[in-house]
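UniProt numbering numbers the first residue of the sequence shown as 1 and each following residue consecutively. Have a look at the structure below, then the notes.
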Amino acid sequence: MDFFQRQQQHLFAEQCQVADLARQYGTPLYVYSKATIERHYRAFADANKTAGLEHLICYAVKASSNLGILNLLARLGSGFDIVSGGELARVLKAGGDASKVVFSGVGKTSEEIRYALQAGIHCFNVESEAEIARIHAVAEAMQTKAPISLRVNPDVDAGTHPYISTGLKDNKFGVPISEALRIYQLAAQLPYLDIQGVDCHIGSQLTEIQPFLDALDRVLMLVDHLAEHGIVLSHIDVGGGLGVDYQGEQPPNPTEYVAALATKLQGRDIKVVYEPGRAIMANAGILVTEVEFLKTNEDKHFAIVDAAMNDLIRPALYQAWQEIIEVERNPHTSAQVYDVVGPVCETGDFLGKDRSLAIVAGDLLAVRSAGAYGFTMSSNYNSRPRAAEVMVDGAQSYVIRERETFDDLIKGEHCLP
Ligand code: LLP
1 MDFFQRQQQH LFAEQCQVAD LARQYGTPLY VYSKATIERH YRAFADANKT
51 AGLEHLICYA VKASSNLGIL NLLARLGSGF DIVSGGELAR VLKAGGDASK
101 VVFSGVGKTS EEIRYALQAG IHCFNVESEA EIARIHAVAE AMQTKAPISL
151 RVNPDVDAGT HPYISTGLKD NKFGVPISEA LRIYQLAAQL PYLDIQGVDC
201 HIGSQLTEIQ PFLDALDRVL MLVDHLAEHG IVLSHIDVGG GLGVDYQGEQ
251 PPNPTEYVAA LATKLQGRDI KVVYEPGRAI MANAGILVTE VEFLKTNEDK
301 HFAIVDAAMN DLIRPALYQA WQEIIEVERN PHTSAQVYDV VGPVCETGDF
351 LGKDRSLAIV AGDLLAVRSA GAYGFTMSSN YNSRPRAAEV MVDGAQSYVI
401 RERETFDDLI KGEHCLP
């Protein structure tokens, strides 16, 4: 559930009228709802408390990494799942607790590993044997012990889009679960490593619970097998991946998801780490855009808006469907079926196709469910300054990222002498 609602013809973000926000801050504009973020985070936290699970929620920073959002989550007690030194810098700058950070990703550099060790992170989610050697070498040079988990690939079909499915054996993530024992035994012999746990992440936008349970079953078998060999783990990181409602999907909510996992974890003295990104942020944000022109080619109608694939790439990249609604409903405007497209010079530049909308030029549209993998995947393609980001809190709104300027676009560029 989120706090974007219509009252009469007006769309509200909490108690702020979205049209007012667009007037005040301009478009394209990302608008986030603080109450929604809090609600989603607490759903995970409370479900764990109810189930009596020792847990750590590590919000996946890649979903939306604005300092204002990270700071809000840090204040709620969240940890963070990072995939780069840049994300760690953001977490620390936002007041996040390094001891609640897990570091995922297949290509960590020595420099990033050093930075994370210096900061004192909770754990590295190691994705290969080569990475074990690299982390060990960096830890040795620093005369410290690196906390590690091995990311295993349980070979579960998450039934999601191929680009965002990560738990199958033919993709680049993790190590095959069948090889895990051997690799753990190897790691156990390395003096500058401290084996903490096991990690898996099978994909994103999962709308059913069964693949999570199948993966957990396989991981638990491994945990028991490792214990028989004297390797006792203190946590299981179940990754992220819980889906959201974009187009009527009915994914389990965090409460149901946690409760289902808890049934498998009963009686085990082991901490559970979660890495949710989308489930916390997607429906906590919208992208507001203004209609520049309406245009008809042959029998196709286009709404050309001021947001584009550089602002929100999910439709272009994954053919992702996100709801597009009028910010203000005008009963005197008649509806028409439009492709909602941006000004970028690519045929793939669309936000939505075949949408029935009652609009005229100058109206505002909101792309819903844009809070995760929206701004963070945005770019300056076509030399378009990136959008501003605003967080609403009740009747207040705060700029959490200023709109980029043309000077920002060319910062650091130089002509030859
Ligand atoms: N942990 C790891 C190791 C991950 O790779 C991911 C996402 C997450 C956690 C968070 O997953 P979530 O709870 O958000 O599903 N750009 C794509 C999604 C890519 C997800 C990548 N990994 C999209 O817009 O749909």
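Ideal placement from N, C-alpha and C gives every residue a C-beta, glycine not left out.
Opposing strand residues paired with residue i [DSSP bridges]
i, result
"Ala366", "Val288 and Ile325"
"Gln7", "His10"
"Ser149", "Asn125 and Gly197"
"Lys295", "Phe302"
"Gln17", "Phe12"
"Lys271", "His235"
"His40", "According to DSSP, His40 bridges with nothing at all."
"Leu117", "For Leu117, which the question treats as bridged, DSSP gives no partner whatsoever."
"Tyr59", "Phe80"
"Leu242", "Leu206"
Three-way DSSP call (helix, strand, coil) for residue i in this model
i, result
"Ser33", "strand"
"Gln247", "coil"
"Ile135", "helix"
"Gly197", "strand"
"His229", "coil"
"Tyr184", "helix"
"Ala320", "coil"
"Val91", "helix"
"Lys100", "helix"
"Pro176", "strand"
"Thr206", "This sequence places Leu at residue 206; Thr is not what is there. Strand."
"Asn283", "helix"
"Ser64", "coil"
"Asn330", "coil"
"Val156", "coil"
"Lys264", "helix"
"Pro315", "helix"
"Ala308", "coil"
"Pro28", "coil"
"Met1", "coil"
"Pro211", "helix"
"Thr255", "helix"
"Leu53", "coil"
"residue 428", "Only positions 1 to 417 of the chain appear in this structure, which leaves residue 428 out of reach."
"Leu416", "coil"
"Leu222", "helix"
Which listed residue (the options) has its alpha carbon closest to that of residue i
i, options, result
"Phe375", "Gly267, Pro191 and Leu29", "Leu29"
"Val392", "Leu53, Ala63 and Gly68", "Gly68"
"Ile209", "Ala158, Ala187 and Asp224", "Ala158"
"Leu88", "Val106, Lys353 and Ala60", "Ala60"
"Arg268", "Thr255, Glu249, Tyr246 and Leu233", "Leu233"
"Thr27", "Asp408, Ile177 and Leu287", "Leu287"
"Gln24", "Phe406, Tyr398, His414 and Cys415", "Tyr398"
"Tyr373", "Glu290, Gly241 and Ala335", "Gly241"
"Gly203", "Ala316, Asn171, Glu129 and Phe4", "Asn171"
"Asp354", "Pro315, Val31, Phe80 and Val156", "Pro315"
"Asp237", "Gly230, Glu249, Gln247 and Leu220", "Leu220"
"Phe406", "Glu228, Leu70 and Asn380", "Asn380"
"Tyr274", "Asp2, Ser78 and Glu38", "Ser78"
"Ala119", "Glu127, Arg134, Ala146 and Gly105", "Ala146"
"Ile304", "Gly285, Pro252, Leu364 and Glu323", "Leu364"
"Asn310", "Glu389, Cys16, Thr207 and Ser383", "Ser383"
"Ser128", "His136, Gly174 and Lys93", "Gly174"
"Lys93", "Asn71, Cys345 and Val101", "Asn71"
"Lys295", "Val258, Gly277, Ile148 and Ile359", "Ile359"
"Ile132", "Ile121, Ala387 and Gln189", "Gln189"
"His235", "Gly412, Glu249, Gly197 and Pro211", "Gly197"
"Ile57", "Cys345, Asp194, Gly277 and Tyr246", "Gly277"
"His332", "Leu357, Phe4 and Val341", "Leu357"
"Arg114", "Ser99, Gln266 and Ala137", "Ala137"
"Gly248", "Cys345, Gly107, Arg151 and Arg368", "Arg368"
"Glu228", "Gln205, Leu181, Val341 and Gly239", "Leu181"
"Gly352", "Trp321, Ala335, Arg42 and Met1", "Trp321"
"Ser20", "Pro417, Ala307 and Glu290", "Looking at the sequence itself, residue 20 is Asp, so the reference to Ser does not match. The candidate whose alpha carbon is nearest that of Asp20 is Glu290."
Any non-hydrogen atom of the ligand ZN closer than 7 Å to residue i Cβ
i, result
"Gly240", "Among the ligands in the structure shown, the ligand ZN does not appear; only the ligand LLP can be found there."
Length-filtered (3 minimum) beta strand (DSSP E) runs lying within the stretch 335-414: 336-341, 350-357, 364-367, 388-393 and 396-401
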